[in-house]
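Novice:
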Ligand code: FES
């Protein structure tokens with residue numbers, strides 16, 4: 001099953017399978033999504049989940065605190081869509 005992921009920074013909408021991570025789907029689709037470790041440790045891919053729901057694979061509290069998660073922040077390298085979603089990356093600032 002695949003969901004639609006809209007990336008607000010660029011306006012791109014891409015397909016992302018339920019078992020795929022948003023970062024990987026975005027980069028694979030040619031989106032210049034900011035990232036570093038791709039393993040949930042550096043926070044370069046930190047994003048705001050504006051619409052929809054995701055599941056998060058394990059990640060470091062140093063990259064995303066519980067408080068940030070509660071505010072709707074996610075790590076795109078750890079996030080798998082559970083519905084159509086809209087995200088905006090924060091790592092290079094908002095556009
Ligand atoms: S790329 Fe490092 S936490 Fe996502």
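Residue numbers (the working numbering): 1 to 95. In this text, a Cβ means the ideal position worked out from N, Cα and C, and glycines have one as well.
Using the C-alpha atoms, what's the distance from residue 80 back to residue 90?
Specialist: 18 Å
Novice: How would you call residue 77, buried or exposed, if buried means at least 16 neighbouring beta carbons within 10 angstroms?
Specialist: buried
Novice: So does residue 33 have its beta carbon nearer than 6 Å to some heavy atom of the ligand FES?
Specialist: no
Novice: Can you tell me the Cβ-Cβ gap for residue 18 and residue 88, rounded? I've got them flagged as a contact below 8 Å.
Specialist: Not a contact, Cβ separation roughly 21 Å.
Novice: Taking all protein chains shown into account, do 16 or more other C-beta atoms lie within 10 angstroms of the C-beta of residue 47, making it buried, or fewer, making it exposed?
Specialist: buried
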